[in-house]
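Visitor: The following block contains the structure, expressed as structure tokens.
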Amino acid sequence: MRRTDSGRTPVAAPGQPVMVWYVSYGSNMQADRFACYLTGAAPVGASRRHPGCRDARPPRAARGCELPGGVYFATQSPVWGGGRAFYDGGLPGTAAARAYLITASQFADVAAQEMYREPGADLDLRGVLATGRVRFGPGRYETLLHLGDHDGHPMLTFTAPWTAAETAPVPPSAAYLRTLAAGLREAHGWSVGRVADYLAGLLGSAGTWTTAGILAIDDRP
């Protein structure tokens, strides 16, 4: 696949946004991890190399944000081992996340890589912008959500088509939690204790991981 670092301004089709905020609530909250999706690399602690986006430029901006609802862990990740993070807006509480300002084509390529597909096809985002939720397929990250707008650009994420109540929780691996912890510190400036408390309380983690256990695997002082 040909990637470009061109500085040319992208042009969108009628009704399509040029730029979007990709909202990550999982491992992509860590900037170095997300960069692997853009440029093509294997993240530290993961077993799979990502092919990268057609446009390998870094995000134009990044910001920590919070979403109504919650994050839970389910299914089995062949990359990390253990459960993956999913977002359910119907859960009580607040989900911590990080938003990256990227092009709509980069967002489409990131979504493809999350489904272990070769990137290269743009997404028609008009439906999700109009309705707030569109299911592009049955896969675990093929349901797109429009979470509002910031600075004139839509905030988008993807999650599973099911709710937390409709699937069995699966505890995440230590490597996955370590990456999430690093992303939360970067995005929100939280202390290691607050990060550990947050992760230990998430559905799928609670009951298996304790705050002390997460502190023990988090290698940042």
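Take the sequence shown: its letter number 146 is residue 146 in our numbering, and every next letter is one higher. We treat Cβ as the ideally placed atom computed from N, Cα and C, and that holds for glycine. This structure is a prediction, so every number in the text was calculated from the model and none was measured.
#1: Answer yes or no: do Arg98 and Met19 have a C-beta to C-beta separation smaller than 8 Å?
#2: Going by beta carbon distance, what residues of the same chain come within less than 8 Å of Glu66, once the five residues before and after it are set aside?
#3: Looking at C-alpha atoms only, which residue of Arg63, Val79, Arg84, Trp80 is the closest neighbour of Phe73?
#4: Tell whether a beta-carbon distance below 8 Å holds between Leu156 and Tyr37.
#5: Counting only runs that start and end within the stretch 114-182, where is the alpha helix (DSSP H) found for 4 or more residues in a row?
#6: Tell me where the beta strand (DSSP E) around Asp88 begins and ends.
#7: Go ahead and pull the three-state DSSP assignment for Leu38.
#8: Using only CA atoms, which one of Pro138, Gly40, Asp32, Val110 lies nearest to Glu186?
#9: State the Cα-Cα distance for the pair Ser6 and Glu166, rounded to the nearest angstrom.
#10: How is the beta strand (DSSP E) around Tyr198 delimited, first residue to last?
#11: Alpha carbon to alpha carbon, how far is Ser77 from Gly207? Give it in angstroms, no decimals.
#12: Could you spell out where the beta strand (DSSP E) holding Leu101 opens and where it closes?
#13: Please name the residue in Gln106, Arg133, Ser27, Asp88 whose C-alpha comes closest to that of Gly120.
#14: From the DSSP output, in three-state form, read off Arg91 for me.
Guide: Here's the rundown:
#1: Within the sequence shown, numbered from 1, the residue matching residue 98 stands at position 98. Within the sequence shown, numbered from 1, the residue matching residue 19 stands at position 19. No, they are not a contact pair.
#2: Residue mapping note: residue 66 aligns to position 66 of the sequence shown, counting from 1. Excluding residues within five positions, the ones whose Cβ falls inside 8 Å are Thr94, Ala95, Ala96, Ala97.
#3: Here residue 73 refers to the residue found at position 73 of the sequence shown. Residue Arg84 holds the alpha-carbon nearest to the alpha-carbon of Phe73 among Arg63, Val79, Arg84, Trp80.
#4: Mapped onto the sequence shown, residue 156 falls at position 156. Mapped onto the sequence shown, residue 37 falls at position 37. Result no, Cβ atoms of Leu156 and Tyr37 do not sit closer than 8 Å.
#5: The DSSP assignment places 126-131 as complete runs of the alpha helix (DSSP H) inside the stretch 114-182, in order along the chain (cut-off: 4 residues).
#6: Your numbering for residue 88 matches position 88 in the sequence shown. Start and end: 84-88.
#7: Counted from its first residue, the sequence shown places residue 38 at position 38. Leu38: helix per DSSP, three-state reduction.
#8: Against the sequence shown, residue 186 aligns to sequence position 186. Restricting attention to Pro138, Gly40, Asp32, Val110, the CA atom closest to the CA of Glu186 is found in Asp32.
#9: As a first step, residue 6 must be located in the sequence shown, where it is residue number 6. As a first step, residue 166 must be located in the sequence shown, where it is residue number 166. Residue placement at Ser6 is flagged as unreliable, the pLDDT there being 49, under the threshold of 50; the coordinate-derived value follows with that caveat. Within the model, the alpha-carbon separation for Ser6 versus Glu166 is close to 44 Å.
#10: For this step, residue 198 is matched to residue 198 along the sequence shown. That residue, Tyr198, is in no beta strand (DSSP E); its alpha helix (DSSP H) goes 192-200.
#11: Position 207 of the sequence shown holds residue 207. Position 77 of the sequence shown holds residue 77. Approximately 19 Å, taken between the alpha carbons.
#12: Your numbering for residue 101 matches position 101 in the sequence shown. Taken as a continuous stretch (DSSP letters only), the beta strand (DSSP E) holding Leu101 covers 94-103.
#13: Working through the sequence shown from its first residue, we reach residue 120 at position 120. Closest by alpha carbon: Gln106.
#14: For the purposes of this step, residue 91 is taken as residue 91 along the sequence shown, with counting starting at 1. Checking the sequence, you will find Leu at residue 91 rather than Arg. Coil.
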